[in-house]
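Colleague: Line by line, the protein sequences are chains F and P. The first sequence begins at 1 in the numbering used here and counts up one residue at a time. The second sequence begins at 1001 in the numbering used here and counts up one residue at a time. C-beta: ideal position from N, C-alpha, C; glycine also. Fair warning: this is a prediction, and the values are worked out from it, not measured in the lab. Let me begin by handing over the structure; questions about it come next.
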Amino acid sequence: MLLLLAALPVLFWDAAPDTAPALQDAGIAHIQVPRERLAAWKSVSGITAQAVDPASALKLLAPTVNYRMQEATATAAPWVINNGWRFLRRPGGHYYYDVTGNQAALAAAEAFAYGADAMIHTDAAGLKPLAQMLSFLGAIAGESLPPVADIGYIDDGSAQSGEVMNLLIRDNLLFKLVPSADRGLKVNVKIGTRDYPLADAKNPGLLAHDVRYHLTDERRSVRIYGSPVVVARLTGSGGHLRLHLLNYAAANRKVDGIRVRVLGQYPKHQLWLADGAGVELLDYSVDSEATEFTLPDLPIYAVVDLSR
Amino acid sequence: MPGPYPGQVVRVHSENSIDSATAQVNRPLVKQMIAHGLTELTGDARVEDAWARFISPNDVVGIKLNCSGAPNIRSSPEIVAAIAEYLVAVGVPAKHIYGYERFDNQLQSVGYPKYLPEGVNLYAAEATRSSILGYDPKVYVETDFFGEDDTRSNCIRLVTETLTKIVNVPVMKEHQAAGVTGCLKNVAYGDFSNVNRSHSFEKTNTLTFIGTLANVEPVRSRVVLNIMDGLRGVWHAGPFSEMPQFRFYPKQIMVGTDPVAMDHLLIDVIEAKRKAEGAVSLWDRSMAHVGRDNSDPNINHFIREPGHIEYAGKLGLGVYDSARIRLKVIEL
């Protein structure tokens, strides 16, 4: 099975080298710069620079949550703005974030969780959070494992199909793109078929519900209880899983506890939590069907390694 | 529940229990009202003997407060204090008494500590709103109402792991979704997480969810006594009390072990008040009366479900049939 090397996101910095002290103070040691600035940055000691063309990268949305408190909406669920589906649609692509403050750390974590090649442009307030996250990611990086999916999704490349993928990610319905139905997966989804009619896809939320209905909650590889703003990504094979947990509300508040259910028996665990020293998984239980635990604190990003 | 006195309810009314002009509560009189209610219910001459039927010195006792309309309306501190004093009198150490609620901000807004015996604990399951950490991950009801992703409602861990008995202190209130919020709802939606999802839309799932939660062990067996605070009440736009025109003063306390019988009588109290005010019945199901502006007493956010009480009766939680409810009324 192909194992990909996890890529680390990089700060894209378009300011002149006289800003180097701010980067060094934050703990940034490697940056990407516009080609025309490369020569100047090469003379700065302690920071390595690489030339890139951000125009060649796909610009992403700033990962966040839009609560829409004062707006009439079809759902009371907070709107999670994530880029996971874009990464899955274009594996191997180059991506560009333009984010501020704490969002820089979340952007880095999001890209890392999906193994995406991303550059992150941020402001002065984002430098330290980004540097801390990059340091954390560097410590846990290694061979990335293949994604775990319950659903095979046949993407027709349309905007409508993209929005369905977006909602599947938000609802923690784990999928991977397949060219045709994969009988090794629990459910296969193609818009325009009897189970997933085109009419339903006009309301992508409804189609995501259809997918969940056909999959059933009991067969979902991951369930998250206690927060509507946490997105999970699961990778692994054999007796080892790596669970990525992203708090999309991180710029404003940490999540005070989620209960996680992972299908299968995994008696051993290791928690890696960005910005959360001393936190341990609580009420860890393994039954005949699933492994459950409580993560009491999720500031931005956590990784849980599970094994037999 | 329904405990040793199914279908039996004692109502103690006193015109002097609260001053409806100032909302000042007559604390000694309220304590007497509780004593009369309990001795009438049990047939004991001494109130301590009546309490001893429900609580032993070895118990760890929770007083289930209702602070959902706090600070304007909540389990009256004078009633809660009297209960705590009686518990201490029957030998329960103050440190083994917990006044508890789900939301810390609501609980803190009341100011219970200055009323309670020293050493009595106050506990909120959610120190920060929506935190799951105060709930037991092993005790939950799992159901999917409308496709929500979080399908579990977990019981407060204090209830499952610490308390051995619960004294339930609901308040006489109309509830926009459930019809009324009395004994059943205070131990159901007041002891479990993630319950708002049952009333996300005009047509709610409160009819079955309230009784289902109240029926969960250990809640069902640990609630040994209900003391309903009817000094103040809310007859519209409950459970909150943001519009003072919908507050009223029934000036009574109901005592019993049967939450269904008591809540059936609560329907009668709220329904009578609404009728007197010219408001539509709690049982009205017309969509013409559903709307956003509930400053009009004939407009409500939801279709109410007072039938949740009869449903709970069918689960065995108490007696709903009016012909089998024995109400004793005491006037002080």
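Using a cut-off of 8 Å between C-beta atoms, extract the partners of residue 294/F located in chain P.
Modeller: The residue given as residue 294/F occupies position 294 in the first sequence. Ordered by position in chain P, the residues that pass the 8 Å Cβ test against residue 294/F are 1132, 1133, 1137.
Colleague: Within the 9 Å Cβ cut-off, does residue 1147/P reach chain F?
Modeller: As a first step, residue 1147/P must be located in the second sequence, where it is residue number 147. Judged by the 9 Å Cβ criterion, residue 1147/P is in contact with chain F.
Colleague: Keeping to the same chain, check which residues put their C-beta closer than 7 Å to that of residue 1038/P; ignore five residues upstream and five downstream.
Modeller: Here the question's residue 1038/P lines up with position 38 in the second sequence. Result list for residue 1038/P: 1047, 1050, 1051, 1255, in chain order.
Colleague: So what does DSSP say about residue 1046/P, is it helix, strand or coil?
Modeller: Locating residue 1046/P in the second sequence gives position 46, counting from the first residue. Coil at residue 1046/P, not helix or strand.
Colleague: So, are the CB atoms of residue 1251/P and residue 1018/P less than 9 Å apart?
Modeller: Stepping through the second sequence from its first residue, residue 1251/P is reached at position 251. Stepping through the second sequence from its first residue, residue 1018/P is reached at position 18. In this structure, residue 1018/P lies closer than 9 Å to residue 1251/P by Cβ.
Colleague: Beta-carbon of residue 3/F versus every beta-carbon of chain P: anything under 9 Å?
Modeller: Walking along the first sequence from the start, residue 3/F turns up at place 3. The predicted position of residue 3/F is uncertain, since its pLDDT is 39 and thus under 50; no value can be drawn from it.
Colleague: Starting from residue 292/F and walking both ways along the alpha helix (DSSP H), at which residues does that stretch end?
Modeller: Counting from one through the first sequence, the residue named residue 292/F turns up at place 292. Here residue 292/F belongs to no alpha helix (DSSP H); instead the beta strand (DSSP E) covers 290–295.
Colleague: Work out the CA separation of residue 1312/P and residue 1036/P for me, nearest whole Å.
Modeller: Residue numbering aside, residue 1036/P sits at position 36 when the second sequence is read from its first letter. Residue numbering aside, residue 1312/P sits at position 312 when the second sequence is read from its first letter. For residue 1036/P and residue 1312/P, the distance between alpha carbons rounds to 28 Å.
Colleague: With distances taken from CA atoms, which of 205/F, 236/F, 179/F is nearest residue 163/F?
Modeller: Counting from 1 along the first sequence, the entry for residue 163/F is found at position 163. Comparing Cα positions, the closest option is 205/F.
Colleague: Looking at the unbroken beta strand (DSSP E) that takes in residue 1217/P, where does it start and where does it end?
Modeller: Within the second sequence, numbered from 1, the residue matching residue 1217/P stands at position 217. Careful: residue 1217/P lies outside any beta strand (DSSP E) and carries neither H nor E.
Colleague: Count the other C-beta atoms from every protein chain shown that fall within 10 angstroms of the C-beta of residue 1185/P, then say buried if there are 16 or more, exposed otherwise.
Modeller: If you number the second sequence from 1, residue 1185/P lands on position 185. Buried is the call here.
Colleague: Does DSSP put residue 24/F in a helix, a strand or coil?
Modeller: The residue given as residue 24/F occupies position 24 in the first sequence. The answer is helix: DSSP assigns residue 24/F an H, G or I state.
Colleague: What are the start and end residues of each continuous beta strand (DSSP E) run of 3 or more residues lying completely inside the region 199–279 of chain F, in chain order?
Modeller: Entirely contained in the region 199–279 of chain F, the beta strand (DSSP E) runs reaching 3 residues are, in chain order, 222–225, 230–237, 240–247, 258–263, 268–273.
Colleague: Can you tell me whether residue 1011/P is helix, strand or coil according to DSSP?
Modeller: Mapped onto the second sequence, residue 1011/P falls at position 11. The answer is strand: DSSP assigns residue 1011/P an E or B state.
Colleague: Check whether the region 297–308 of chain F touches the region 1308–1322 of chain P, taking contact to mean three or more Cβ pairs, one atom from each stretch, closer than 8 Å.
Modeller: Touching, no.
Colleague: Considering only C-alpha positions, which residue in the set 29/F, 169/F, 78/F, 14/F is nearest to residue 244/F?
Modeller: Residue mapping note: residue 244/F aligns to position 244 of the first sequence, counting from 1. Looking at the Cα atoms, 169/F is the closest of the given residues.
Colleague: What I want to know is whether the C-beta of residue 1278/P ends up closer than 8 Å to one or more non-hydrogen atoms of the ligand FMN.
Modeller: Among the components modelled here there is no ligand, and therefore nothing to report on the ligand FMN.
Colleague: Establish whether the CB of residue 1229/P and some CB of chain F are separated by less than 9 Å.
Modeller: Indexing the second sequence from 1 puts residue 1229/P at position 229. No, residue 1229/P does not count as interfacial toward chain F.
Colleague: Is residue 99/F helix, strand or coil by DSSP?
Modeller: Sequence index remark: in the first sequence, residue 99/F carries index 99 (1-based). Correct three-state label for residue 99/F: coil.
Colleague: Roughly how many angstroms separate the alpha carbons of residue 1293/P and residue 1072/P, rounded to a whole number?
Modeller: As a first step, residue 1293/P is located in the second sequence; it is residue number 293 there, counting from the start. As a first step, residue 1072/P is located in the second sequence; it is residue number 72 there, counting from the start. The straight-line gap from Cα to Cα measures roughly 20 Å.
Colleague: Would DSSP call residue 36/F helix, strand or coil?
Modeller: If you number the first sequence from 1, residue 36/F lands on position 36. DSSP places residue 36/F in helix when its eight states are reduced to three.
Colleague: Which residue's Cα is closest to the Cα of residue 1137/P: 302/F, 295/F, 299/F?
Modeller: For this step, residue 1137/P is matched to residue 137 along the second sequence. The shortest C-alpha separation from residue 1137/P is found at 295/F.
Colleague: With a threshold of 8 Å, are at least 3 pairs of Cβ atoms found where one atom belongs to the region 94–109 of chain F and the other to the region 118–127 of chain F?
Modeller: As far as the Cβ criterion goes, the region 94–109 of chain F touches the region 118–127 of chain F, which means the pair count is three or higher.
Colleague: Can the beta-carbon of residue 127/F be found closer than 9 Å to that of residue 155/F?
Modeller: Counting from 1 along the first sequence, the entry for residue 127/F is found at position 127. Counting from 1 along the first sequence, the entry for residue 155/F is found at position 155. In this structure, residue 155/F does not lie closer than 9 Å to residue 127/F by Cβ.
Colleague: Comparing the C-beta of residue 244/F with each C-beta of chain P, is any distance below 9 Å?
Modeller: Along the first sequence, one-based indexing puts residue 244/F at 244. It does not; no Cβ of chain P falls within 9 Å.
Colleague: Let me see if you follow: with CB-CB separation under 9 Å, is residue 144/F close to chain P or not?
Modeller: Position 144 of the first sequence, counted from the start, is the residue given in the question as residue 144/F. No, residue 144/F does not count as interfacial toward chain P.
Colleague: Which residues in the same chain have their Cβ closer than 8 Å to the Cβ of residue 119/F, if we skip the five residues on either side of it in sequence?
Modeller: Within the first sequence, the letter at position 119 stands for residue 119/F. Taken in chain order, the residues that qualify are 9, 10, 11, 12, 32, 52, 54, 57, 94, 95, 96, 97.
Colleague: Counting only Cβ pairs nearer than 7 Å, list the residues of chain F close to residue 1292/P.
Modeller: As a position in the second sequence, residue 1292/P is number 292, starting the count at 1. Within chain F, no residue comes near residue 1292/P; the closest Cβ sits about 10 Å away, beyond 7 Å.
Colleague: Excluding the 5 residues flanking residue 113/F on each side, which residues of the same chain have their C-beta closer than 7 Å to its C-beta?
Modeller: Numbered from its first residue, the first sequence carries residue 113/F at position 113. Same-chain partners within the cutoff: 233, 244, 246.
Colleague: Along the chain, where does the alpha helix (DSSP H) that runs through residue 86/F open and close?
Modeller: To locate residue 86/F, count along the first sequence from 1; it is residue 86. From DSSP, the alpha helix (DSSP H) with residue 86/F extends over 84–89.
Colleague: Judging by CA-CA distance, which residue of 1128/P, 1066/P, 1086/P, 1155/P is the nearest neighbour of residue 1112/P?
Modeller: Locating residue 1112/P in the second sequence gives position 112, where the first residue counts as 1. It is 1066/P whose Cα lies nearest to the Cα of residue 1112/P.
Colleague: Using the beta-carbon of each residue, which ones in chain P are nearer than 7 Å to residue 259/F?
Modeller: The sequence position of residue 259/F within the first sequence is 259, counting from 1. Per Cβ cutoff of 7 Å: 1132, 1137.
Colleague: In chain order, which continuous runs of the alpha helix (DSSP H) of length 4 or greater are located wholly inside the region 1085–1119 of chain P?
Modeller: As far as the region 1085–1119 of chain P is concerned, its whole alpha helix (DSSP H) runs of at least 4 residues are 1104–1110.
Colleague: Can you give me the C-alpha to C-alpha distance between residue 1214/P and residue 1178/P, rounded to a whole angstrom?
Modeller: If you number the second sequence from 1, residue 1214/P lands on position 214. If you number the second sequence from 1, residue 1178/P lands on position 178. Approximately 14 Å between the Cα atoms of the pair.
Colleague: Mapping DSSP to helix, strand and coil, what is residue 79/F?
Modeller: Along the first sequence, read from residue 1 onward, the residue named residue 79/F stands at position 79. Of the three classes helix, strand and coil, the one that applies to residue 79/F here is strand, per DSSP.
Colleague: In angstroms, rounded to a whole number, what distance separates the CA positions of residue 42/F and residue 48/F?
Modeller: Taking the first residue of the first sequence as position 1, residue 42/F is located at position 42. Taking the first residue of the first sequence as position 1, residue 48/F is located at position 48. Approximately 7 Å, taken between the alpha carbons.
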